[in-house]
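Numbered by the numbering used here, the letters in the sequence shown go through residues 118 to 451 in order.
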Amino acid sequence: MLNNKSILITGGTGSFGKQFTEMVLSNFDPKKVIIYSRDEFKQDVMRKMLTERFPEKISKMRFFIGDVRDKDRLYRAFKGVDYVVHAAAMKQVPACEYNPFEAIKTNINGAQNIVDAAIDRGVQKVIALSTDKAVNPINLYGGTKLVSDKLFVSANSYRGDEGTIFSVVRYGNVSGSRGSVIPFFRELLNQGVKDLPITDERMTRFWMTLDDAVDLVVKALEESKGGETYVFKNPSYKITDVAEAINPNADYNVVGIREGEKLHEVMITSDDSRGTYDYGDYYIIYPNYTWWTKDTDFKPGGTLIEEGWEYNSGNNTEWLDVETLRDKINELGL
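Written out as structure tokens, the structure reads:
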């Protein structure tokens, strides 16, 4: 599917971008893979890593310094591009709260720039990465990503009959990714902290790996027809069980839930259930707009989920216990 294709990843030096690029180079023969991001140092580190791992394919890599806020630079970067995976965003909740206008410029204005540049440059597909925080948002990061999701879904209404296809992939915290709880706990233990800080003993999260995230984006690239939101099925875990799996012979301290933080990750709301179909390993939330028609844009084989059902990490049917978590954490190699 990605053979002889030009693929551009915004925010490509992040955890997802690096994993996705390695997957593409390992399994396909692309025409070009373009990393579009702002940090020249991270690009240089990534270039050296890929040169060592894929010496025969490094000539296919391109590294563009650019910001999604800069529409002119996006127009230049998107020339001849077949697929765009949009992973760039301001993601840290406290940073977005303290710098709200900057978050809006990147997460909302940047999304609009992606849409405009993709349509005008004839990009075939755009897959935008979303977050559980965009579902019933209670912080600015979630609010900006909700708007971003709406922009990408609605972009299908004015792309034209043969224009760019826009879809969204939604997932929560990726286990082991930069800034997530597992490396945070590991760092505290390395610093000599005995009792790990727990915000709330009731807190749950979904377990999702970078490989899961990459696989879901590939699936969206393969089959999306425009307007879908893809949600992967994941097991849940209790944050207290993670603390025990990492630090089995110690206690933990309850420090209180932080501003803008939820007890449970919510992926699909009860209101979205009316347009959500179960496809075995994942769900698709279909849009409810006049431009979307089930006859042409629906993937067969799905089962409509029960109306009023909500998919969150607290009501899940599949859970990871402490021993399984310990094994999975060790597999991350952190």
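In this text, a Cβ means the ideal position worked out from N, Cα and C, and glycines have one as well.
| said: Please give me, in chain order, every unbroken run of the beta strand (DSSP E) with length at least 3 that falls completely inside the region 280-317. | reply: Fully enclosed beta strand (DSSP E) runs of 3 or longer: 282-288, 313-315.
| query | From Asp438 to Asp249, what does the alpha carbon distance come to, in whole angstroms? | reply | When rounded, the separation of the alpha-carbon atoms in Asp438 and Asp249 is 23 Å.
| query | What residues match up with Asn429 in a beta bridge as DSSP calls it? | reply | Asn429 pairs with Val383.
| query | Can you tell me whether DSSP reads Phe171 as helix, strand or coil? | reply | Looking at Phe171 - three-state DSSP - the assignment turns out to be coil, as it is neither helix nor strand.
| task | Give me the Cα-Cα distance between Asp329 and Tyr399, rounded to the nearest whole angstrom. | result | The C-alpha of Asp329 lies about 11 Å from the C-alpha of Tyr399.
| Helix, strand or coil: how does DSSP classify Ile231 here? | Helix, per DSSP.
| query | Taking all protein chains shown into account, do 16 or more other C-beta atoms lie within 10 angstroms of the C-beta of Val334, making it buried, or fewer, making it exposed? | reply | Taking every protein chain shown into account, the CB of Val334 has 16 or more other CB atoms within 10 angstroms, so this residue is buried.
| Considering only the beta carbon of each residue, do Phe133 and Ala204 sit closer than 8 Å? | By the CB criterion at 8 Å, Phe133 and Ala204 fall inside the cutoff.
| message | Does Val270 come out as helix, strand or coil in the three-state DSSP assignment? | response | In the structure shown, Val270 sits in a helix (DSSP, three-state: H, G or I).
| query | Rounded C-beta distance between Pro365 and Glu435? I'm assuming under 8 Å. | reply | Incorrect: roughly 23 Å between the Cβ atoms, too far for contact.
| Can we count Val232 as close to the ligand ATP, meaning its CB is less than 7 Å from some heavy atom? | Among the ligands in the structure shown, none appear at all, so the ligand ATP cannot be discussed.
| Can you tell which of Gly129, Ile402, Ile175 has its C-alpha closest to the C-alpha of Lys148? | The shortest C-alpha separation from Lys148 is found at Ile175.
| message | Strictly by DSSP, which residues pair up with Leu421? | response | Paired residue(s): Tyr394.
| For the 8 Å Cβ check, are there 3 or more pairs between the region 379-389 and the region 441-450? | Taking a cut-off of 8 Å for Cβ pairs, the region 379-389 and the region 441-450 do not touch, as fewer than three such pairs fall below it.
| message | Check this for me: beta carbons of Ile244 and Val310, under 8 Å apart or not? | response | No, the Cβ-Cβ distance between Ile244 and Val310 is not below 8 Å.
| query | What's the C-alpha gap between Thr326 and Ser430? | reply | One C-alpha to the other measures close to 15 Å.
| task | Look up Ile363 in the DSSP assignment and say whether it is helix, strand or coil. | result | In this structure, DSSP gives Ile363 a helical state, which the three-state scheme calls helix.
| query | Comparing alpha-carbon positions, which option in Asn405, Glu427, Trp408, Thr393 lies nearest Gly418? | reply | A check of alpha carbon separations from Gly418 across Asn405, Glu427, Trp408, Thr393 identifies Thr393 as the nearest.
| field | Beta-ladder partner(s) of Met166, from DSSP | value | The secondary-structure analysis by DSSP pairs Met166 with nothing; it has no beta-bridge partner.
| What separation, rounded to the nearest whole angstrom, lies between the Cα atoms of Leu119 and Val371? | Cα to Cα, Leu119 sits roughly 47 Å from Val371.
| task | Look at the Cβ atom of Asp317, then the Cβ atom of Asp368, and state whether they are nearer than 8 Å. | result | No.
| query | Alpha carbon to alpha carbon, what distance is there between Gly344 and Val162? | reply | Cα to Cα, Val162 sits roughly 35 Å from Gly344.
| request: Within its chain, find whatever has a CB closer than 6 Å to the CB of Glu339; leave out the 5 residues flanking it on each side and keep chain order. | output: So the list reads Met118, once near-sequence residues are dropped.
| Taking Ala194 as the reference, which of Glu214, Val210, Asp233 has the closest Cα? | If we check each option's Cα against that of Ala194, Asp233 comes out closest.
| said: According to DSSP, simplified to helix, strand and coil, what is Met207? | reply: In the three-state scheme derived from DSSP, where H, G and I count as helix and E and B as strand, Met207 is classed as coil.
| Beta-carbon proximity of Thr168 to Val150, cut-off 8 Å | Against a cut-off of 8 Å, the Cβ pair of Val150 and Thr168 comes out as no contact.
| request: Could you pull out every unbroken beta strand (DSSP E) segment of at least 3 residues lying fully inside the region 317-360, listed in chain order? | output: The region 317-360 contains these whole beta strand (DSSP E) runs: 321-323, 346-349, 353-355.
| Cβ of Tyr347 within 8 Å of Cβ of Val286? | With contacts defined as CB atoms closer than 8 Å, Tyr347 and Val286 qualify as a contacting pair.
| task | Please name the residue or residues paired with Arg179 in a DSSP beta bridge. | result | Bridge partners of Arg179: Ile151.
| task | Answer yes or no: do Ile356 and Ile299 have a C-beta to C-beta separation smaller than 8 Å? | result | Result no, Cβ atoms of Ile356 and Ile299 do not sit closer than 8 Å.
| said: Residues in the same chain with beta-carbon distance under 6 Å from Asn432, minus the five sequence neighbours each way, listed in chain order, please. | reply: No residues qualify anywhere along the chain.
| field | Terminal residues of the beta strand (DSSP E) in which Lys188 lies | value | Annotation for Lys188: no beta strand (DSSP E) segment contains it, though the alpha helix (DSSP H) segment containing it runs 188-194.
| Through-space distance from Glu424 to Phe180, alpha-carbon basis | When rounded, the distance between both Cα atoms is 46 Å.
| query | What did DSSP end up calling Tyr200 once you bin it into helix, strand or coil? | reply | In the structure shown, Tyr200 sits in a strand (DSSP, three-state: E or B).
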